[in-house]
Ligand code: ATP
Ligand code: MG
Ligand code: MG
Ligand code: MG
């Protein structure tokens, strides 16, 4: 059955509510009181403490649609966007949680019934992964879903042991549900034949900062299913970007490009690349709009820098499609139309979002063209496959081209550079500016001392403290 993204949201919540789950609102993208985490990257983030102390959970069964960002940090999908059919920087995670209310078998039953009975997905296109050696879970699947052993695949712990990826938190083995895309356009053994739709995590442990596991007193359940991926399955598409809400945004981008007269300057002519740029813009305007709406602003450090890199990637993709000023902020209304009723911050702060996108676009476009010129010259002059790290730094420092963006553009020409080298140079310049800052601080405290001595002397000599500015001590600085 075909279901729109909106229908899927409703159906999911309805099903888990009817099974005794409390529908809780999505937590903000910037986790509250959790400096260890850049952005909320899964539904369980807001419940972290309930897994350790289930007795403090107001409801033992909870369901949410959680807004997630996976850019920066350990779970970082930024580089895959546009290329991967199923990765976004912003996505919505449908989840159900148990804080000591039900066991593995019940969790597996819920998901199986939802997929095969409520959504009527064909059983033989579903595949299951479990952790190697986890016969308990395999047995449950065979018993509950009537699956053959051959439909259950054992995976190493890199895949089937879930942890938050920051320094400490709840974790456990997991079992994942995949959908067979049955694509005829790619080889049978291509990894894109399969899409992971649902991850069911058995939260049995707490991992501390040294990666040591402690068994929890009460086993809990944490599950997460990507809304956009489920939409691709239910809308019979092989790519998330071909589902209803993305099609709406991407059509909006195409129309805006031609209405603003940008199409005649198009710099990219390869069809595949054009599609990639459209997808990048759609994805990145979604994530940056949501981030700005929740108080993250472009800057050169931390969360703000992740946001800046996302926006600049979108701007560069727009530039390849011929856009100059005006494209990126004009895409916001399409995003608002899709997500505004679920994420009110988009509606409440629409002016701030548009203005921020506009000023970031205007600032970056003014240096982007020159930056790309420098890079192009360097790439065409360069016969080796390595880009000089000094160029990468100059592009960053003078033209505001984030190194990860330089990396993408260089890679298109088969050229690369060592990001670690870049980080080293960046660190050195930071050290230098810290040194000058420190020596300035030191100097000014020396000056302060001189001033104090001067004032004392004046007092002693009976000179009235008629303030005439700090001329004497500060003048000595300019003569140094
Ligand atoms: P993948 O292996 O495909 O990268 P994952 O194992 O990293 O996915 P989980 O951490 O298990 O993902 O998250 C739970 C669910 O959230 C996934 O099963 C998937 O449906 C969805 N999901 C994860 N990452 C993304 C993303 N970047 N964009 C869209 N959906 C995602
Ligand atoms: Mg992943
Ligand atoms: Mg996975
Ligand atoms: Mg997973």
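Residue numbers (UniProt numbering): 32 to 511.
Even for Gly, the Cβ is constructed at its ideal location relative to N, Cα and C.
What does residue i pair with, by DSSP beta-bridge criteria?
i: residue 126; result: 95
i: residue 246; result: 236
i: residue 115; result: 112
i: residue 253; result: 128, 232
i: residue 161; result: 185
i: residue 225; result: 211
Indicate the three-state DSSP secondary structure (helix, strand or coil) for residue i in the structure shown.
i: residue 506; result: With a pLDDT of 30 at residue 506, under the threshold of 50, the modelled position of that residue is not reliable, and the figure given next carries that caveat. Residue 506: helix per DSSP, three-state reduction.
i: residue 47; result: helix
i: residue 304; result: helix
i: residue 217; result: coil
i: residue 39; result: helix
i: residue 453; result: helix
i: residue 136; result: helix
i: residue 236; result: strand
i: residue 54; result: strand
i: residue 11; result: The shown model of the chain, from 32 to 511, leaves out residue 11, and the question about it has no answer.
i: residue 395; result: helix
i: residue 191; result: helix
i: residue 84; result: coil
i: residue 34; result: coil
i: residue 288; result: helix
i: residue 512; result: Given that the chain is displayed from residue 32 to residue 511, the structure contains no residue 512 and the question cannot be resolved.
i: residue 200; result: strand
i: residue 355; result: coil
i: residue 121; result: strand
Look at the Cβ atom of residue i, then the Cβ atom of residue j, and state whether they are nearer than 7 Å.
i: residue 74; j: residue 94; result: no
i: residue 24; j: residue 83; result: A query on residue 24 cannot be resolved here, the shown segment of the chain reaching from 32 to 511 and no further.
i: residue 283; j: residue 365; result: yes
i: residue 161; j: residue 169; result: yes
i: residue 231; j: residue 354; result: no
i: residue 118; j: residue 111; result: yes
i: residue 398; j: residue 349; result: no
i: residue 91; j: residue 132; result: yes
i: residue 396; j: residue 352; result: no
i: residue 207; j: residue 185; result: no
i: residue 344; j: residue 315; result: yes
i: residue 421; j: residue 446; result: no
Could you give the C-beta distance for residue i and residue j, rounded to a whole number, given that I count them as a contact under 8 Å?
i: residue 453; j: residue 405; result: Not really, about 16 Å apart at Cβ, beyond 8 Å.
i: residue 441; j: residue 418; result: 5 Å
i: residue 313; j: residue 280; result: 4 Å
i: residue 334; j: residue 69; result: 6 Å
i: residue 159; j: residue 144; result: Their Cβ separation, rounded to whole angstroms, is 15 Å, which puts residue 159 and residue 144 out of contact at 8 Å.
i: residue 100; j: residue 322; result: 7 Å
i: residue 318; j: residue 120; result: 4 Å
i: residue 254; j: residue 142; result: 7 Å
i: residue 370; j: residue 34; result: Rounded, the Cβ-Cβ distance is 17 Å, inconsistent with contact.
i: residue 203; j: residue 235; result: 4 Å
i: residue 327; j: residue 76; result: Actually they do not touch by this definition, with Cβ atoms about 16 Å apart.
i: residue 59; j: residue 325; result: 5 Å
Which residues count as close to ligand 4 when the rule is a CB under 6 Å from any of its heavy atoms, in chain order?
-> 207, 227, 230
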